[in-house]
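Trainee: Can you keep this structure in mind? I'll have questions shortly.
In the working numbering, the protein residues as written are 67 to 214.
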């Protein structure tokens, strides 16, 4: 086999592997968020946890600066075809009558360091982009190790 043929075969193999990785990455956003995440503190909260379950539900637990805690549960929806990827955290039923008042509309992205960033809006409209500087609607999440 000639040297150019060997290079061509190796290059084809690399392209197949890379193509599979890109496809897997594109298809796995919904799966990649499943788990327990620590929410970074900000001006309003001292700590928090966001849990995404594989059955399409979440639980958000936060402690405010006044040491008051609250928990919210419900279904979540992800639209991986939207760029940036869209996420809705619903309190009752996603898309039901009046749900625009009880749903957090956001966008999400994975950062190079493995963290997950979600930007929620302060109204019932989805943000179009991530702000230059994090604000109260920014959730910076770090995956927690869960003991089995």
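Heads up, the beta-carbon is just placed ideally off N, CA and C, and yes, glycines get one too.
For residue 87, does the count of other Cβ atoms within 10 angstroms reach 16, so buried, or fall short, so exposed?
Mentor: On the chain shown, residue 87 is found 21 positions in, with the first residue counted as 1. Caution is warranted here: a pLDDT of 38 is assigned to residue 87, below 50, making its placement in the model unreliable, and the coordinate value is therefore given only provisionally. Under this definition residue 87 is an exposed residue.
Trainee: Leaving out the 5 sequence neighbours to the left and right, which residues in its chain are closer than 6 Å to residue 145 when beta-carbon positions are compared?
Mentor: Reading the chain shown from its first residue, position 79 is the one you call residue 145. 152, listed in sequence order.
Trainee: Give the C-beta separation of residue 173 and residue 207 to the nearest angstrom, bearing in mind that I take them to be a contact with Cβ-Cβ under 8 Å.
Mentor: As a first step, residue 173 must be located in the chain shown, where it is residue number 107. As a first step, residue 207 must be located in the chain shown, where it is residue number 141. Contact flag wrong, Cβ pair sits at about 14 Å.
Trainee: Looking at residue 147 and residue 154, is the spacing between their C-beta atoms short of 8 Å?
Mentor: By one-based count along the chain shown, residue 154 stands at place 88. By one-based count along the chain shown, residue 147 stands at place 81. Their beta carbons are not under 8 Å apart, which means residue 154 does not touch residue 147 by this criterion.
Trainee: Do residue 190 and residue 171 come within 8 Å of each other at the CB atom, strictly closer than that value?
Mentor: Taking the chain shown and counting its residues from 1, one reaches residue 171 at position 105. Taking the chain shown and counting its residues from 1, one reaches residue 190 at position 124. Yes; because the gap between Cβ atoms is below 8 Å, this pair is in contact.
Trainee: Specify the secondary structure class of residue 166 as computed by DSSP and reduced to three states.
Mentor: The residue you call residue 166 lines up with position 100 of the chain shown. Helix, per DSSP.
Trainee: Let me confirm a value: residue 136 is counted as buried when at least 16 other C-beta atoms fall within 10 Å, else exposed. Which label applies?
Mentor: For the purposes of this step, residue 136 is taken as the residue at position 70 of the chain shown. Residue 136 should be labelled exposed.
Trainee: Based on DSSP bridge pairs, tell me the residues matched to residue 174.
Mentor: Reading the chain shown from its first residue, position 108 is the one you call residue 174. Note: residue 174 sits in a beta bridge opposite 151 and 184.
Trainee: Helix, strand or coil: which one does DSSP assign to residue 92?
Mentor: As a position in the chain shown, residue 92 is number 26, starting the count at 1. Low confidence applies to residue 92: its pLDDT is 49, below 50, so where it sits in the model is not reliable, and the reading given next is rough at best. Residue state, collapsed to three classes: helix.
Trainee: If I measure Cβ to Cβ from residue 182 and keep anything under 7 Å in the same chain, skipping five residues before and after, which residues do I get?
Mentor: In the chain shown, residue 182 corresponds to position 116, counting from 1. Hits under 7 Å: 99, 103, 174, 176 and 207.
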